[in-house]
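Heads up: the structure comes next, in structure tokens.
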Amino acid sequence: MAEGTRIEVKNLFSNQPARLAFQRRPATEVSKVVDVIIAHALSHHRVGFRLKSDGKIILDVPATKDMEDRLYDVLGQQAGKMIDLNPPPSDAQAPGDETWTGWISTPDITRGKGDDIHVLINGRPVAAQPFLQAIRRGYRTRLMQGRHPVAVLKLELPATEVDVNVHPTKREVRLRNSWRVLERLERAIAHTLESTPTEPESSGPITGITSLAPASAE
Numbered sequence: 193m194a195e196g197t198r199i200e201v202k203n204l205f206s207n208q209p210a211r212l213a214f215q216r217r218p219a220t221e222v223s224k225v226v227d228v229i230i231a232h233a234l235s236h237h238r239v240g241f242r243l244k245s246d247g248k249i250i251l252d253v254p255a256t257k258d259m260e261d262r263l264y265d266v267l268g269q270q271a272g273k274m275i276d277l278n279p280p281p282s283d284a285q286a287p288g289d290e291t292w293t294g295w296i297s298t299p300d301i302t303r304g305k306g307d308d309i310h311v312l313i314n315g316r317p318v319a320a321q322p323f324l325q326a327i328r329r330g331y332r333t334r335l336m337q338g339r340h341p342v343a344v345l346k347l348e349l350p351a352t353e354v355d356v357n358v359h360p361t362k363r364e365v366r367l368r369n370s371w372r373v374l375e376r377l378e379r380a381i382a383h384t385l386e387s388t389p390t391e392p393e394s395s396g397p398i399t400g401i402t403s404l405a406p407a408s409a410e
């Protein structure tokens, strides 16, 4: 086995069986683990990740030098419709040191939920919920009501501009100038899509992940 870190989880509730009764369906719990692995896989494309559950490989993304390869490993063929985020040139003269980069799907690739929107702040995966409205505003009329794009968005800003100690999981952060950050994101998405033609929507599943059927994560 190649060098690295291996984490095994077995008999998690053997000493507290009562807690097992309050867990959701096994497939639901495994999907939560997949979400965590994907978030870190998108944060660290030079590190390989493999998730096995009950002896079955659920997710296997090898280390790569190029982030584009990691997008294909995680998102499947639909990564081919991801386009580079291209902020407007005028943002170079705008106040603040925030910089948005990343990839967004063309308007024909959408989801019913925002689960496939991934946000990284200074390389750390965070919850996407605070950014969803700005993203939708950036797409303007290109998205149908209740639909969300696929996106991997990376925000770089001075450490003094973000508080990462809001929540124990570090998934929630507080931005000193959140309004400015969100406006930059909206402008970047709008500018990127200006020359992108709108096509009929596709709401098919992401193809790079194996079906989540096992009973427990390893």
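So for the sequence shown, our numbering puts the first residue at 193; every next one is plus one. We put the beta carbon where it would ideally sit given N, CA and C, even for glycine.
Contact set for residue i: own chain, Cβ-Cβ below 6 Å, skip 5 residues either direction
i, result
"A382", "G330"
"V344", "L234, G294, W295 and H310"
"R368", "E353"
Whole-number beta carbon distance between residue j and residue i, since they are thought to touch under 8 Å
i, j, result
"E348", "T388", "Contact doesn't hold; Cβ gap of about 24 Å is too wide."
"K273", "I301", "5 Å"
"A284", "G306", "That belief does not hold up - the Cβ atoms of A284 and G306 are roughly 29 Å apart, past 8 Å."
"D289", "P209", "With 8 Å as the limit, D289 and P209 do not qualify as a contact, their Cβ atoms being about 52 Å apart."
"P341", "S297", "5 Å"
Own chain, CB closer than 8 Å to residue i, minus 5 neighbours either side, in chain order
i, result
"R366", "V354, D355 and V358"
"R198", "none"
"N314", "L347, E348, L349, A351 and V354"
Residue i, buried or exposed, once every other Cβ within 10 Å from all chains shown has been counted against 16
i, result
"P317", "buried"
"S245", "buried"
"A286", "exposed"
"R379", "buried"
"D308", "buried"
Residues near residue i by beta carbon distance below 7 Å, same chain, minus five either side
i, result
"F205", "R211 and L212"
field: Given 8 Å, three or more beta-carbon pairs between the stretch 213 to 222 and the stretch 230 to 241
entry: no
- prompt: Three or more beta-carbon pairs under 8 Å between the stretch 277 to 287 and the stretch 357 to 364, yes or no?
  reply: no
field: Stretch-stretch touch, CB-based, cutoff 8 Å, three pairs: the stretch 257 to 275 with the stretch 364 to 377
entry: no
query: Which runs of the beta strand (DSSP E) spanning at least 3 residues fall entirely within the stretch 213 to 280, listed in chain order?
result: Taking 3 residues as the minimum length, the beta strand (DSSP E) runs contained wholly in the stretch 213 to 280 are 241 to 245, 248 to 253 and 274 to 276, in order along the chain.
3-residue-minimum beta strand (DSSP E) runs that sit fully inside the stretch 362 to 391, ordered along the chain: None, since the stretch 362 to 391 contains no complete beta strand (DSSP E) of that length.
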